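Inspection log for the structure reproduced underneath, given as structure tokens.
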Amino acid sequence: EAQVTQNPRYLITVTGKKLTVTCSQNMNHEYMSWYRQDPGLGLRQIYYSMNVEVTDKGDVPEGYKVSRKEKRNFPLILESPSPNQTSLYFCASSFGDKLYEQYFGPGTRLTVT
Amino acid sequence: GNPVTQMEGPVTLSEEAFLTINCTYTATGYPSLFWYVQYPGEGLQLLLKATKADDKGSNKGFEATYRKETTSFHLEKGSVQVSDSAVYFCALSDRTGANNLFFGTGTRLTVIP
Numbered sequence: 009e010a011q012v013t014q015n016p017r018y019l020i021t022v023t024g025k026k027l028t029v030t031c032s033q034n035m036n037h038e039y040m041s042w043y044r045q046d047p048g049l050g051l052r053q054i055y056y057s058m059n060v061e062v063t064d065k066g067d068v069p070e071g072y073k074v075s076r077k078e079k080r081n082f083p084l085i086l087e088s089p090s091p092n093q094t095s096l097y098f099c100a101s102s103f104g105d106k107l108y109e110q111y112f113g114p115g116t117r118l119t120v121t
Numbered sequence: 011g012n013p014v015t016q017m018e019g020p021v022t023l024s025e026e027a028f029l030t031i032n033c034t035y036t037a038t039g040y041p042s043l044f045w046y047v048q049y050p051g052e053g054l055q056l057l058l059k060a061t062k063a064d065d066k067g068s069n070k071g072f073e074a075t076y077r078k079e080t081t082s083f084h085l086e087k088g089s090v091q092v093s094d095s096a097v098y099f100c101a102l103s104d105r106t107g108a109n110n111l112f113f114g115t116g117t118r119l120t121v122i123p
């Protein structure tokens, strides 16, 4: 089954404790992206990757890091989480020629206390 | 700012009622327009799209027409079902770069029997 998976689905952590949210897709998509979803703000892009070893900032990259060492994986790293990073996070992927038709993962709900 | 302006929710309708969710955009040129749907507990899914003026996207009984003269892409369905209860996002891509997929704030639809 074609899908984007994220882990964990739910995470409660404390300020400053490094964490990683994993994202994996099995569709051989070149493009992958991370979004955060907040009430009243919709989805905002954090980082994206056009292919292996190619990443770039989205609209709200502060406080986040990413890496793309393999085509299928695109982890999101919070080196020192803060309460304002409490949010619902989505990973997405797409083919190169249908870049804007994205497949989304199920989401990760993160709470930073 | 966000080039997508979407009707505020929430929207509550009775089964078989007519649905309209308004979406307008600001963009130069000819962006592509999308509607995504997010069912409870899931990631977003592409519902329909239109890539040029006067195109009509349709899927699952939903329709939206790309109106360049009014810069609008309103979502409609003639007879909603309880299973249509979800959050609907209008989105725009101006096709100038990989990070340029902009989402509206989302409209929550609840359909009651």
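In order, the protein sequences belong to chains A and B.
Its first residue numbered 9, the first sequence is counted upward by one per residue in my numbering.
Its first residue numbered 11, the second sequence is counted upward by one per residue in my numbering.
Even glycine gets a Cβ: it sits at the ideal position worked out from N, Cα and C.
Keep in mind the model is a prediction, meaning the values are calculated, not measured.
If we require 3 or more residues per run, which beta strand (DSSP E) segments fall completely within the region 35-86 of chain B? As far as the region 35-86 of chain B is concerned, its whole beta strand (DSSP E) runs of at least 3 residues are 42-48, 54-60, 66-69, 72-75.
Residue from B:Leu57, B:Val14, B:Ser24, B:Leu111 with nearest C-alpha to Thr120 of chain B: Residue 120 of chain B sits at position 110 when you count from the first residue of the second sequence. Per the Cα distances, B:Ser24.
Uninterrupted beta strand (DSSP E) stretches inside the region 12-71 of chain A (no shorter than 3 residues): Qualifying beta strand (DSSP E) stretches, in chain order: 12-15, 18-21, 27-33, 39-46, 50-59, 62-65.
Is Gln55 of chain B near the ligand MG, going by C-beta to nearest heavy atom under 7 angstroms? Among the components modelled here there is no ligand, and therefore nothing to report on the ligand MG.
Take the Cβ of Val120 of chain A as the centre, count every other Cβ of all protein chains shown within 10 Å, and call the residue buried at 16 or more, exposed below. Reading the first sequence from its first residue, position 112 is the one you call residue 120 of chain A. Val120 of chain A comes out buried.
Please state the DSSP three-state secondary structure of Ser93 of chain B. The residue you call residue 93 of chain B lines up with position 83 of the second sequence. Ser93 of chain B: helix per DSSP, three-state reduction.
Can you list the residues of chain B that Leu49 of chain A reaches, using a CB-CB cut of under 8 angstroms? As a working mapping, residue 49 of chain A is identified with position 41 in the first sequence. Those within 8 angstroms of Leu49 of chain A in chain B are Thr115.
Residues, ordered as in the chain, of the region 69-91 of chain A that lie near chain B by beta-carbon distance below 7 angstroms: Under the 7 angstroms Cβ criterion, the region 69-91 of chain A contributes no residue.
Taking the DSSP output, what are the residues bridged to Tyr108 of chain A? Stepping through the first sequence from its first residue, residue 108 of chain A is reached at position 100. Looking at the DSSP output, Tyr108 of chain A shares a beta bridge with no other residue.
How many angstroms separate the CA atom of Gly115 of chain A from the CA atom of Met58 of chain A? Along the first sequence, read from residue 1 onward, the residue named residue 115 of chain A stands at position 107. Along the first sequence, read from residue 1 onward, the residue named residue 58 of chain A stands at position 50. When the Cα atoms are used, Gly115 of chain A and Met58 of chain A turn out to be separated by approximately 21 angstroms.
List, in order along the chain, the chain B residues whose C-beta lies closer than 8 angstroms to that of Glu109 of chain A? Mapped onto the first sequence, residue 109 of chain A falls at position 101. Glu109 of chain A reaches chain B at Phe44, Leu56, Lys59, counting residues in chain order whose Cβ is nearer than 8 angstroms.
Hey, how far is the Cα of Pro16 of chain A from the Cα of Asn81 of chain A? Counting from 1 along the first sequence, the entry for residue 16 of chain A is found at position 8. Counting from 1 along the first sequence, the entry for residue 81 of chain A is found at position 73. Separation of Pro16 of chain A and Asn81 of chain A (C-alpha to C-alpha, rounded to the nearest whole angstrom) is 14 angstroms.
According to DSSP, which residues form a beta bridge with Thr119 of chain A? Here residue 119 of chain A refers to the residue found at position 111 of the first sequence. DSSP, once it has assigned bridges, lists A:Ile20 as partnering Thr119 of chain A.
Strand pairing of Thr117 of chain B, partner residues [DSSP]: Position 107 of the second sequence holds residue 117 of chain B. Looking at the DSSP output, Thr117 of chain B bridges to B:Tyr98.
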